[in-house]
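Student: Count the sequence shown with the working numbering and you get residues 3 to 312, in order. For glycine and all other residues, C-beta sits at the position ideal for the given N, C-alpha and C. Take this structure, written in structure tokens, and hold onto it; I'll ask about it next.
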Amino acid sequence: MKLQPEQWFLVAILVLAGGLAAFKAFGMPELEGMQGGKVKNAEKLDPAAFEAAAARLESPAQAKDPEQKVFVSRMIAYLPGKQAFEVIDESTQTEDGITVGWKIEHGFDIDDPAVAKADPDKDGFSNLEEFKSKTLPREAQSRPGLILKLRVAKYTAVPFRIEFKGYAPDATDGRMQFQLNLRDSNRRSRFVKEGDELEGFKVGAFRQKSIEEKNPATGIIEKKDVSELDLLDTQIGETLTLVLNKETPTNKDFVQLRVDSPAGKVEPAQVRRGETFKLDGVTYQLLKPGERSLTLKNVETGEILENVGG
């Protein structure tokens, strides 16, 4: 059956009336009951509480040092590959001989191959030399010793050969007398006793020795005299041991020195084996000269420096 408009209107009125009745049935308060609350007996606040709070603001609590410090992780570099990250050990040496940590500390690229030869402070010393000497590579006042720049400008060999030819007691005092042939001297044959000085050497101890040896010509076992005589080099303190009837080579070589740095010079520039020179305020003794390198002794500390200039 089709409803007429008047009937539809009546149905709507009934539905609205039913809804209002249900709303009221569930206890919705009336408007006059919804009034603002009133404070009848407010409690008084204690002013001492405000004073205590103000005192705390004037002297705030101080934070103590934490027992656990801030965590600082090790350096991590991203490297393409199977692993996303790989830890770099700062003590690792790169191909140029300098450690990763030193390069990072002084602001150098750890992968730059030119770092070792660079001289950022223009003091005449490379970064590699500064690294080895534990000096600051970016401060010219902090530089390695000039001994690193000492070079052999010229080497002159002066051979000095000595042959121990014989020995016998002196008829006058009974002391043992030794015959030495100086192959590179004007006075070729010299007779000396223990304690005598000879061409920069001092005659030392004598040891009479012999061995049994087969004579290749006859096949007979014979006794061979291999007595020894010590010569002390009075300049460098080394002992040269001579064996009877054997030529012993030594030398009186000298070198011309130079310093590859404008920061100083060597005095004197020409030095013979056993002599001393000064460089950078330090006195050195030339123990062993060579064409490209030297063996030196720091006179003050006694330290032996090998392969200097090499």
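(1) Per the DSSP calculation, L234 is bridged to which residue(s)?
(2) For E201, which residues from the same chain have a beta carbon less than 6 Å from its beta carbon, with the 5 sequence-adjacent residues on both sides left out?
(3) Take the Cβ of L296 as the centre, count every other Cβ of all protein chains shown within 10 Å, and call the residue buried at 16 or more, exposed below.
(4) As a quick exercise: from G283, D232 and N183, pick the residue whose alpha carbon is nearest that of F208.
(5) In chain order, what residues of the same chain lie with their CB nearer than 7 Å to the CB of R190, ignoring the 5 residues before and after it?
(6) Going by the beta-carbon positions, is the gap between L281 and L152 smaller than 8 Å?
(7) Please report how far the alpha carbon of V228 lies from the alpha carbon of R294, in whole angstroms.
(8) How big is the Cα-Cα spacing for K204 and I238?
(9) Three-state secondary structure (DSSP) at P49?
(10) Cutting at 7 Å between CB atoms, please list the residues of its own chain near A142, excluding the five before and the five after it.
(11) So the candidates are G283, K195, K105 and E277; which of them puts its Cα closest to the Cα of G266?
(12) What separation, rounded to the nearest whole angstrom, lies between the Cα atoms of E305 and T94?
(13) What is the DSSP secondary structure of M36, counted as helix, strand or coil?
(14) What's the call for I222, buried or exposed, on a 16-neighbour Cβ count within 10 Å?
(15) Just checking, does the segment 236–251 make contact with the segment 156–174 on the three C-beta pairs under 8 Å criterion?
(16) Could you give the C-beta distance for N129 and P139, rounded to a whole number, given that I count them as a contact under 8 Å?
(17) Just list the beta strand (DSSP E) runs in the segment 260–302, keeping only unbroken ones of 3 residues or longer that don't cross its boundaries, in chain order.
(18) Under three-state DSSP, which class holds G197?
Tutor: Let me lay it out:
(1) Per DSSP, K204 and T241.
(2) Counting only Cβ-Cβ distances below 6 Å, and skipping sequence neighbours, we find nothing.
(3) Only buried fits L296, as 16 or more other CB atoms lie within 10 angstroms of its CB.
(4) D232
(5) Cβ neighbours of R190 beyond the five flanking positions: N183 and L184.
(6) yes
(7) 36 Å
(8) 12 Å
(9) helix
(10) D123, K124 and D125
(11) G283
(12) 29 Å
(13) Reliability of the predicted coordinates at M36 is poor, the pLDDT of 48 falling under 50, and the value obtained from them is presented with this limitation in mind. Coil.
(14) exposed
(15) Enough Cβ pairs lie closer than 8 Å, so yes.
(16) 5 Å
(17) 272–274, 278–281, 284–290 and 296–300
(18) coil
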